[in-house]
Structure formats: C-alpha cells, structure tokens
Amino acid sequence: MLLSQLTAWLSLSVLTSAATAENEGVLHSEIGRLNNQSLLWGPYRPNLYFGIRPRVPQGIATALSWVKVDNYVDVQGNVRYTCEQNEDMEGYGWEEYDTRRGGVQTIHDAKNQIDMTTMFVKVPGGAHGGSWAARIKGEPREDAPDDLKTTVIFYLTAEAPEDTINVDESSSTGFDEDVTFTGTSRDLGGYKLVVTKGKGAHPASDHPANSQRDLEKTVVHSDNVPQHHLWQAKRLLFQALQTSVNDIIKEYGPDTAPPPWQVYMLPNQAKSGNIQMVQKVFEGPFEFDILFSSESAGIDLTSEDLSREIKLNSEAFSDRFKEIFVPKAPFDTRKYEKFGKSMLSNLAGGIGYFYGHHIVDRSDAPEYEEENEGFWEGTAEARNRRQEEMEGPYELFTSIPSRPFFPRGFLWDEGFHLLPIIDWDTDLALEIVKSWYNLIDENGWIAREQILGDEARSKVPPEFQVQYPHYANPPTLYLVLEAFVDKLQKSNGSKETGSERLSAGDFLQTASVDNPELGLEYLRSLYPLLRRQYLWFKKTQFGDLKEYDRDAYSKKEAYRWRGRSIQHCLTSGLDDYPRPQPPHPGELHVDLLSWMGMMTRTLAKVADIVGLSSDVQEYNKALDGISHNLVDLHWSEKHECFCDATIDDFEEHALVCHKGYVSLFPFLMGLLEPDDAKLGKVLDLLGDENQLFSPHGIRSLSKRSPFYGTDENYWRSPVWININYLALVQLRDYALRSGPYAAQATDLFNRLRQNLVDTIFKSWEETGFAWEQYNPETGAGQRTQHFTGWTSLVVKMMAMGELKEGGSGSSHVRDEL
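With mature numbering (1 follows the signal peptide of the UniProt record, and there is no 0) as the guide, the letters of the sequence shown map in order to residues -21 to -1, 1 to 796.
And the structure:
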C-alpha cells in the first residue's frame, strides 16, 4: 500500500470513528474530494479496445491499436482500434475490473492471431487524481507462426487547444530505450508519461531501407492537428503511414520494396505536438509498460510499482467479489465464479466519460402534441422540417450497453446497469446517477439517448441522432434510488461496518451508507431534480381521461408514451412490441402507468427520508390512484391479463391485449398485493410454456400471438435479460411473503433462475460474448454482441440463491434491486 493512500485512510478512519457536528462537514468534504480523485482516471473511452482518459472535458487521452504485418494484404482492414462487431474476435473484455483500482482485459484477436492483454492500475496521490500505469502484452495464438510479426501503436493526445505534449528528439531512426513525454494541463497539472522499451524480439531485415528504419527501435511520430480530429487517431495513423509508404515506393519501387513489417512504419518525427504516436514492431510475444506519473504525487511510477499493484488489485477484486456476488447453488463452482467476474467487470469496464454537444429539436411544433388522429404522420412531417440545433456542451459519466454497437449513454438502460454496480460500489452508482441528473433541463427532461460529441455521433445513423424534449423513456434510475434508500434505512447510522471497510481500503465504495448524513445530503440535493422530472412526466405523457369520459377511480393517473408510429413505440424501450392499431391520441399504455407507479413509490420514500411529509401525502394519494386505475383502465377479465387501451370506432374505451412483457408490468413493478387474484393470473401467464415461459427465459411475446416472431422480431419473441431480471426479483419477493401464490412463485423463481443463468453462461462459453437478447427456442445469443450492459444482471441472479419449497422470510424486492 502506498504511503499517501494509507495516510488518507487513517485520517478518515479517525474522523469516521469520532464524527461530531464540528468535524462532520470536514469528513463529508474530504470523502467527496477523495471520491472524485479515485474516479478521475479510467478506461473511459469504452468504444476503443483500450483507451485511458480522465473525467475532465479537456485533458489528455490515450488509445492503442495493433495489427499483424506478415503480409501487405491484411494490414489496412485488420488494424484494431475501435471495438467492432465483425472483426473475427473470439471474445474480449475485462476479466477483473474495479473502477477505483483497475483491472485486466484480454482480447482474443483470431484474425491477427494474437491475444492482447491490457493491465491497468491506478495509484492515488497528489492533487490531480493520482497516477496510473498499464502493461501491454501480446501472446501469439496457437495457430500463429513462431515468427508472427505485430506492430503496436500507442496514441497520446492533448485535448485543450493551449496544451502540447513534449518529447525529447531522437535520432532519425527512433529511440533505443524508454520514451518519455511531459506536459502540463489545467485540470491535471504537470505530468510525465513513459513508454518503456519493454520485452520481445524484433523482426530483422537485410533490405537497404533498414538503415533508415531500425526495427529494434521505438518510433515516435508527432503532429499538431485540429482538436476536432484528435479522436480519429486511426485515420491520422493511415495518413502518416501513407506518406511513409509513398516514400518507400518512390525510392525502391513496388517490386523491390522492403517486407511489410518494415514498410508499415511511421516516419520517426519526434517533437512537441498535440498528438504523439508511439510505434513498436515485434516478432513473437512481447510486453511493454505505460507509466503516467502526476507531478503533484511527488514520485514517479516504475514497472516494479505496476507489477505490485496488478497483484494487489487482483487479490482485492477476488476477495470483494466473493463477499458480494459469490454464485450460489447450483452455480457455486469455479467456472461460474469466473463467468460472474467477467460479467461484472465488463459492466464496470464499460463506464465512460463523454463530453460534447448533442442535437435537439426544440421547435415545439404543434404536431408534437399528438392530439389528432393520424398524429404520427404529422409528427413525421415536423421531424422532416429539420428544425434541430446543437446544444451544449454537456458531460456525462455513464456505463454503456455495448462497446462495439452502443458506446454511449442510454437512459432506460442505465438504471439496470447500476443495479449490480450499487452493490459493488454504492458511491460510484450515485456518482453516475448524479451525472445523469446534471443533464436535466428546466422543464424536467433528460434526453433518452446521450450522443455527445463527434466521436459518439460517428456510431449513430443520422435518423437517430436528434433528441426531442417531449420524448420520455422508462425512469429506471428510480430503481437505483429505491435500492439506495433501503440501504440507508438498513444502515441505521452504524459506523461499525464503515470502520471494517476503512481497514480494508474500500471505504469510498460505501461512504454514503456508512455515513448516513452524507447519504441524506445526497438525496436532499437530488430530490428537487427528481420531482422536476416526475412533474415533467405527468405534464407531457398524460393519458386523456376527460375527452373520452372513461370510468376510472382517479381522473389524473393515466399515461401514454409520446413518439409512437405505426410499427414502433421507441420511447417505451419495447420498440416493436405490438400496440393498438392504428395509433390513437386516446391510447393508454399499461407499462407507462406501471413505471409511474414505481416512480411515485420511490419519490414517496425519498420525500419521507428527507422529511417532506406533505410531498409524501401527495405521492401516496397518486400511488393509490395508480393502483386502482391499473385495474379500472387496463385489466381484462376476458383475457385475464393487463392490457393497453385505446378508443374504438364507437368512441368507447377498449382494451387491446397482446400478451407478453407489457401484460406483466404491474407485477414487474411490484404493484400487486400478495393475495390479489390478479397476481395468480399473471403468474399463470408467466409460467405457461405455450405462451411466455421457455427453457431460456420469459419470451417477450406469447407464442400464441399472431405477431410472434414477425417483422423485425426485436421485442416479439426474444428473451431479454432486463425484463426477466425484474420478473425474477418479484417472484422471489412473492415467494418470501405469505400469500396464496407463494408456492407457485417459488417454483417459477427456481426454474426461471436456472434457465436464465444456463442460457447466458452457455452462450458466453461458446461465443466469448454476452448478447443483447437470446433466442427463446435455441437459447443462442443474438443481435448485438458484447452486450455487457443489462445482460450483466446475471451476476445478481447467480448470487440470489435457490428457494426452498414452502420457505418464508422477510426479504423484500428492493433488497434484490
């Protein structure tokens, strides 16, 4: 343990054990400072195979690329840089990763015949987020030739216009030993970054060009480019290589050119610049280190420090995983533990920092009110008028669904992402929630998809880039806040566990629970934003009860997703799930009413814990209205399930029942009482193998539906892990509470848990990836690969434990959430 880290922990231990009104403010301030420092650096460019950056708008950013250079044909198409879906990878991702410490990632690159391992550690100290280091290792795969030739390029860029990175000039042929860069940044202070000489053989060449391109040396190519081009490092690499290749061809001709590993080398051009490219060429296995030392830390990191920290971090990660997420029977074996570590690590390793402008249409076009029949045609015309504008810049600290396909923030995904993270690192989850609410506008809207900056937009088709301030998304962040409130209430102000965690060195992960006043302070500051968002939902997503004279207990609690088209309701998150046809301004959506019920319940808890009794009464009254209206407006006695509603040809309220996920939502949100006969009907539907229950999880749509598996078949049959997780949590809750359906819930819980874990694990074992969804007939993972967003909820499923027949207990749904 480094001295500076130990000193900080000991100081806080004294403050924590002797907290008084006088020093409590000091404690909170110091915890906040250390929290920001420990989260400053990370692989926060998750769209890249490996990219380290700080959580500041304009700091320095790094990246890594590599390619096999055995021949001329494969080079341009096989350079690895951004994560892509179709690059012949046999799996990649973090095997161990903790956001505050670092971790180990392996990339099984079958096309380039090499396994790349990146080991990353963070070392606290100083005033600018501490130092960090990475070890890059390449190991030829079994099918690779003994003399496999690989070139590796490390990129270092300065994002602020006034910043440059300095490097000592070398000979024209490169550096014999380590390469040292220095610079100063407003947010990072002074720093030094060393790329070590490393270990590994280098290919030989007896071509005359060898005198100009010494393959045993490290090449540094420096340049100054416009700031908005810095994220396109791969393109800049190709531009520089093209110049080098042209010079070779010009001098030696195409027939007598050097071998490819000598041709594809950057011209050595070491100087000050805002981008530095460091290139090494290896034959066979190799290893080198990247050592970033903050000047304010007062000591430079060494490779020995890196080796020590890698070992300590691995031990700490393993110990903590066994404490929090150890898989329970029948998954209590080493292979499932390895699987669980991978899923959790890739979820946390997918956390990124994004900064830039996004595109918003605030035209407030009258068509966007969606008041008339045929409204979807009018809204399409309004969108086609292209009245959007750039807004920002904004910043967001968030986890992402998928590194190759969805490397950006998604509002409704995020709540699911944070359910495992809040167990692992409570204060990290709270930091991410706060980052999302920092984006809220004056009306209470948060864009459902965060596409901040040119790099993020490069992965998004133009038709999906514009955000609309009347579009909602399921408010899943309230699931996280509800879990946090329950943690606070259970802590009961006890500092004993806090002291134990202090000695273990992970006190920052639970600081807001171990110090309840800190947690209450967080909720007090967030509550006005939560309420603003809640009122925005009520204002913009209301369902029309008055116009159509519907008979309902409450005349206020009914809701409709805005943004519908004939085939889609993208804002609901259930894109192509069947809805009433044609769309109608009198539609009511049972899933949205259920989300509002969960949101209202959570706000009542938050308002209660921060002492706002009048608001609690308001929310409880609204929740009572929602509970009744779920039945009055959405329950079908004929179909024995909850359904969406519309207005029929006779201007009457009519239910439209597409049995599937939408039918389950009042149950999924915990809005049914244990003795409610409707709960029994919902469980019957969920467990019906001819409708929803499959050997691989709950299908998104009933097999008996005429829409099953049709058209896009996105939410029309596949098994989705987020919805299955919600079902699993509720089944466990009802199984552990007294009621007539406890035995049925127990049986369904045990079978569903087994099916889900088996399916996700088998596909991961076969393909090397977690997937966006799973085939209900075969269990095969499908659509987006490396979907380690909400699919990572499997780590919580394995940790739940099997239930015994007839068991009872006091566990509650929010314990699992």
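C-beta: ideal position from N, C-alpha, C; glycine also. All values derive from a computational prediction rather than experimental measurement.
(1) If you compare alpha carbons, which of E597, C62, Y71 is closest to E744?
(2) Give the range of the beta strand (DSSP E) segment to which S593 is assigned.
(3) Leaving aside the five residues before and after residue 804 along the sequence, list all residues of the same chain whose C-beta is less than 6 Å from its C-beta, in chain order.
(4) List the residues that DSSP assigns as beta-bridge partners of Q84.
(5) Would you list, in sequence order, the uninterrupted beta strand (DSSP E) runs of no fewer than 3 residues that lie entirely inside the stretch 341 to 378?
(6) Using C-beta distances below 6 Å, list every residue in its chain close to R79, excluding the 5 sequence neighbours before and after it, in chain order.
(7) By a C-beta neighbour count over all protein chains shown, 10 Å radius and 16 as the cutoff for buried, is D122 buried or exposed?
(8) Using alpha carbons as the reference points, say which of T97, I254, E230, A139 lies closest to N145.
(9) With burial defined as no fewer than 16 other Cβ atoms inside 10 Å of the residue's Cβ, what is the status of E479: buried or exposed?
(10) Beta-carbon of M575 versus every beta-carbon of chain D: anything under 8 Å?
(11) By Cβ distance, which residues of its chain are closer than 6 Å to E475, with the 5 residues on each side in sequence left out?
(12) Quick one: Cα of E496 to Cα of N15, how far?
(13) Please determine, among R120, V173, E294, the residue with the shortest C-alpha to C-alpha distance to E262.
(14) Considering only C-alpha positions, which residue in the set E74, S273, S286 is nearest to G108?
(15) Considering only C-alpha positions, which residue in the set E652, P237, V242 is nearest to T222?
(16) Looking at the secondary structure, which residues open and close the alpha helix (DSSP H) in which W743 lies?
(17) Assuming contact is defined by CB atoms lying nearer than 8 Å, are H336 and G432 in contact in what I supplied?
(18) Taking only the alpha-carbon atoms, compute the straight-line gap between S282 and V102 and give it to the nearest angstrom.
(19) Near W699, what residues of its chain come up, given a Cβ to Cβ distance below 7 Å and the 5 sequence neighbours on each side ignored?
(20) Measure the CB-CB distance between A724 and L647 and report whether it falls below 8 Å.
(21) Considering only the beta carbon of each residue, do C622 and S606 sit closer than 8 Å?
(22) Checking 8 Å against the spacing of the C-beta atoms, do Y450 and T550 come in under that value?
(23) Considering only residues of the same chain and omitting the five flanking positions on each side of P559, which have a CB-CB separation below 6 Å?
(24) Look at S324 and Y76 and say whether their C-beta atoms are less than 8 Å apart.
(25) Beta carbon of A42, beta carbon of A212: below 8 Å?
(26) Looking at A40: is its Cβ nearer than 8 Å to the Cβ of R59?
(27) Measuring straight from C-alpha to C-alpha, what distance separates N729 and M779?
(28) According to DSSP, is T136 helix, strand or coil?
(29) Between S504, S717, Y332, R341, which lies nearest to R362 when the distance is taken from Cα to Cα?
(30) Looking at the unbroken beta strand (DSSP E) that takes in F267, where does it start and where does it end?
(31) Looking only at its own chain, which residues have a Cβ that is under 7 Å from the Cβ of S533, when we skip the five neighbours before and after it?
(32) Taking buried to mean at least 16 other C-beta atoms within 10 Å of its own C-beta, is D404 buried or exposed?
(33) Report all residues from its chain with a CB closer than 7 Å to the CB of S482; omit the five preceding and five following residues, and keep chain order.
(34) With a floor of 4 residues, list each alpha helix (DSSP H) that falls wholly inside the stretch 204 to 254, ordered by position along the chain.
(35) Provide the residue(s) that pair with S201 in DSSP beta bridges, ordered along the chain.
(36) Between E781 and K775, what straight-line distance do the alpha-carbon atoms span, to the nearest angstrom?
To lay it out plainly:
(1) Here the question's residue 744 lines up with position 765 in the sequence shown. Cα-wise, what sits closest to E744 is Y71.
(2) On the sequence shown, position 614 is the one that residue 593 refers to. Run containing S593: none in the beta strand (DSSP E); it sits in the alpha helix (DSSP H), 592 to 613.
(3) Outside the displayed range of the chain (-21 to 796) lies residue 804, so it cannot be described from this structure.
(4) One-based indexing of the sequence shown puts residue 84 at position 105. For Q84, which the question treats as bridged, DSSP gives the partners W73, T97.
(5) 368 to 377
(6) Here residue 79 corresponds to residue number 100 of the sequence shown, with the count starting at 1. Excluding positions up to five away in sequence, the list reads S17.
(7) On the sequence shown, position 143 is the one that residue 122 refers to. Exposed is the call here.
(8) Counting from 1 along the sequence shown, the entry for residue 145 is found at position 166. Here the closest residue by C-alpha is I254.
(9) One-based indexing of the sequence shown puts residue 479 at position 500. With a pLDDT of 43 at E479, under the threshold of 50, the modelled position of that residue is not reliable, and no figure is offered here.
(10) Reference to chain D is not applicable here, since this structure consists of a single protein chain.
(11) Locating residue 475 in the sequence shown gives position 496, counting from the first residue. Annotation note: pLDDT 45 at E475 (below 50); position unreliable, coordinate value reported separately. Contacts found: none.
(12) Start at 1 with the first residue of the sequence shown, and residue 496 comes out as number 517. Start at 1 with the first residue of the sequence shown, and residue 15 comes out as number 36. For E496 and N15, the distance between alpha carbons rounds to 19 Å.
(13) The count along the sequence shown starts at 1 and reaches residue 262 at position 283. Comparing Cα positions, the closest option is R120.
(14) By 1-based counting over the sequence shown, the position of residue 108 is 129. It is S273 whose Cα lies nearest to the Cα of G108.
(15) Looking up residue 222 in the sequence shown gives position 243. Answer by Cα proximity: V242.
(16) For the purposes of this step, residue 743 is taken as the residue at position 764 of the sequence shown. Counting along the chain, the alpha helix (DSSP H) containing W743 begins and ends at 721 to 746.
(17) Here residue 336 is taken as the residue at index 357 of the sequence shown, counted from 1. Here residue 432 is taken as the residue at index 453 of the sequence shown, counted from 1. Yes; because the gap between Cβ atoms is below 8 Å, this pair is in contact.
(18) On the sequence shown, residue 282 is found 303 positions in, with the first residue counted as 1. On the sequence shown, residue 102 is found 123 positions in, with the first residue counted as 1. Going by C-alpha positions, S282 is about 13 Å away from V102.
(19) Numbered from its first residue, the sequence shown carries residue 699 at position 720. Around W699: S679, Q752.
(20) In the sequence shown, residue 724 corresponds to position 745, counting from 1. In the sequence shown, residue 647 corresponds to position 668, counting from 1. No, they are not a contact pair.
(21) Along the sequence shown, read from residue 1 onward, the residue named residue 622 stands at position 643. Along the sequence shown, read from residue 1 onward, the residue named residue 606 stands at position 627. Contact flag unset, no.
(22) By one-based count along the sequence shown, residue 450 stands at place 471. By one-based count along the sequence shown, residue 550 stands at place 571. Contact: yes.
(23) Position 580 of the sequence shown, counted from the first residue, corresponds to residue 559. Same-chain partners within the cutoff: E566, D623, T625, V635.
(24) As a first step, residue 324 is located in the sequence shown; it is residue number 345 there, counting from the start. As a first step, residue 76 is located in the sequence shown; it is residue number 97 there, counting from the start. In this structure, Y76 lies closer than 8 Å to S324 by Cβ.
(25) Counting from one through the sequence shown, the residue named residue 42 turns up at place 63. Counting from one through the sequence shown, the residue named residue 212 turns up at place 233. In this structure, A212 lies closer than 8 Å to A42 by Cβ.
(26) In the sequence shown, residue 40 corresponds to position 61, counting from 1. In the sequence shown, residue 59 corresponds to position 80, counting from 1. No, these two residues do not count as a Cβ contact at 8 Å.
(27) Residue 729 sits at position 750 when you count from the first residue of the sequence shown. Residue 779 sits at position 800 when you count from the first residue of the sequence shown. About 10 Å.
(28) Numbered from its first residue, the sequence shown carries residue 136 at position 157. Three-state DSSP puts T136 in a strand.
(29) Residue mapping note: residue 362 aligns to position 383 of the sequence shown, counting from 1. Per the C-alpha coordinates, the member of S504, S717, Y332, R341 positioned closest to R362 is R341.
(30) Reading the sequence shown from its first residue, position 288 is the one you call residue 267. Looking at the DSSP string, the run of the beta strand (DSSP E) that includes F267 is 254 to 273.
(31) Within the sequence shown, residue 533 is the residue found at index 554, counting from 1. Same-chain partners within the cutoff: G604, H607, N608.
(32) By one-based count along the sequence shown, residue 404 stands at place 425. By the 10 Å Cβ count, D404 comes out buried.
(33) In the sequence shown, counting from the first residue as 1, residue 482 sits at position 503. Residue placement at S482 cannot be trusted, given a pLDDT of 34 that sits under 50; the coordinates are not used to answer.
(34) Listed in chain order, they are 212 to 231, 239 to 242.
(35) Position 222 of the sequence shown, counting from 1, holds the residue named residue 201. Answer by DSSP bridge pairing, in chain order: Q255.
(36) Here the question's residue 781 lines up with position 802 in the sequence shown. Here the question's residue 775 lines up with position 796 in the sequence shown. Approximately 12 Å, taken between the alpha carbons.
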